[in-house]
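Here the sequence shown is numbered in our numbering, starting from 1 and rising by one per residue.
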Amino acid sequence: MAQWLEVAIRSISFLTILFIITKIIGKRQIAQLSFFEYIAGITIGSIVAEASLARERSIMDALIAIGVWGIIPMLADYIAMKSKTARSVIEGHSTVFIKDGKVLEENLKKEKYTIDELLSLLRKKDIFSLSDVEYAVLEQDGNLNALLKKDKRPLTRSDLQMPSVNEKEPYTVIMDGHLLVDSLEKSGKTKEWLDQELAAAGVTIENVFIGQINSYGELYIDLFDDRLQAPAPQERPLLLANLKKLAADMEIFALATDCEKTKKMYEKNAADIQRVIQQATPYLSN
1 MAQWLEVAIR SISFLTILFI ITKIIGKRQI AQLSFFEYIA GITIGSIVAE ASLARERSIM
61 DALIAIGVWG IIPMLADYIA MKSKTARSVI EGHSTVFIKD GKVLEENLKK EKYTIDELLS
121 LLRKKDIFSL SDVEYAVLEQ DGNLNALLKK DKRPLTRSDL QMPSVNEKEP YTVIMDGHLL
181 VDSLEKSGKT KEWLDQELAA AGVTIENVFI GQINSYGELY IDLFDDRLQA PAPQERPLLL
241 ANLKKLAADM EIFALATDCE KTKKMYEKNA ADIQRVIQQA TPYLSN
């Protein structure tokens, strides 16, 4: 067998084995790997590189070595799941860097972090002032999580006493000009509805790069031709505008009549519609 062909066969074989081991271990990113997974990955890579080029090395020896080093992280993960003590040893502990707004210098030294590195990690979280931080912890994977002080946190709907808006996942129903039938069925929409929406936008499926149905049941489309702008859905803003117009009409009718009974009816209806508008605005406004 030609030397180049043997090297190619060995490389492809080991690459396939590595792919299988990677799928078994999971989809963790490099920063999320445990110590055993990191060391095992480096070692397996070295074994594969040498075994691919060293023709005098037995393929079986290389497979055994890869198997042993592939089992190590899986065994470590299994032990970590079964024992909290082992998990602490294998994966380590999180370390508090800031508590009650005070930087814990001893913990920084323990983890061999400088204040410059701490500030850099905070900036990655869009935090540029230490005085804004109430609590910060370095996780086992090296990521820093920070909690801002109460008066520095962004306003939420609950802070403004506004009703929460529960959104469902969007469904991608068109991709690269092709209809995704399964996704369309999961969205609860029909092909006829989709055709009507596309016709109203003046496009065909073949013109659409990607199309999604959002949690409100509206169709968003992005076209292949970036010079063309697909119209944004207007059903919700139009409904909100009609409700406001109806409330205004009721108030006008109340002012226009001399009958007290009719006036009260219009005023009551106007107040009811205003309450509906207040409750529906978070859902109907873009």
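All residues carry an ideal CB built from backbone N, CA and C; glycine is no exception.
Check, Outcome
"Using a threshold of 7 Å, is the CB atom of residue 245 nearer than that to any non-hydrogen atom of the ligand NAD?", "For the ligand NAD, the structure offers nothing, since it holds no ligand at all."
"Figure out for me which residue from 39, 56 and 40 has the closest Cα to the Cα of residue 6.", "56"
"Apart from the five residues on each side of it in sequence, which residues of its chain come closer than 8 Å, Cβ to Cβ, to residue 110?", "95"
"How is the alpha helix (DSSP H) around residue 107 delimited, first residue to last?", "105–110"
"For residue 41, which of 12, 74 and 52 has the nearest alpha-carbon?", "74"
"Nearest-angstrom Cα distance between residue 143 and residue 125?", "10 Å"
"For residue 66, count neighbouring C-beta atoms within 10 Å of its own C-beta (all shown protein chains included) and say buried if the count is 16 or more, exposed if not.", "buried"
"Could you say which of 170, 195 and 63 lies nearest to residue 207 if we only look at CA atoms?", "195"
"Take the Cβ of residue 101 as the centre, count every other Cβ of all protein chains shown within 10 Å, and call the residue buried at 16 or more, exposed below.", "exposed"
"So, with DSSP's three-state summary, where would you put residue 68?", "helix"
"Output yes if chain E places a C-beta closer than 8 Å to the C-beta of residue 264; else output no.", "Here there is only one protein chain, and chain E is not present."
"Please report the residue range of the alpha helix (DSSP H) in which residue 191 lies.", "191–201"
"I believe residue 58 touches residue 14 by the beta-carbon criterion, under 8 Å. Please report the beta-carbon distance rounded to the nearest angstrom.", "Not confirmed; about 13 Å, so no contact."
"For residue 136, does the three-state DSSP call read helix, strand or coil?", "strand"
"Is there contact here, the stretch 168–182 with the stretch 126–134, by at least three beta-carbon pairs under 8 Å?", "no"
"Taking the C-alpha atoms as reference points, what is the distance between residue 259 and residue 248?", "19 Å"
"Is DSSP giving residue 144 helix, strand or coil here?", "strand"
"By DSSP's criteria, residue 210 is part of a beta bridge. Which residues make up the other side?", "175 and 222"
"Can you list, in chain order, the residues of its chain whose CB lies under 8 Å from that of residue 186, leaving out five sequence neighbours each side?", "171"
"In three-state DSSP terms, what is residue 128?", "coil"
"For residue 138, count neighbouring Cβ atoms within 10 angstroms of its own Cβ and tell me buried if that reaches 16, exposed if not.", "buried"
"With C-beta atoms as the reference, is residue 69 less than 8 Å away from residue 90?", "no"
"What are the residues that DSSP puts in a beta bridge with residue 96?", "137"
"Using 10 angstroms around the beta-carbon of residue 60, count the other beta-carbons present and answer buried if the total reaches 16, otherwise exposed.", "exposed"
"So which of 213, 183, 189 and 178 has the shortest CA-CA distance to residue 204?", "178"
"Could you tell me if residue 10 is buried or exposed, where buried requires 16 or more neighbouring beta carbons within 10 angstroms of its beta carbon?", "buried"
"Starting from the Cα of residue 19, find the closest Cα among 119, 48 and 267 and give me that residue.", "48"
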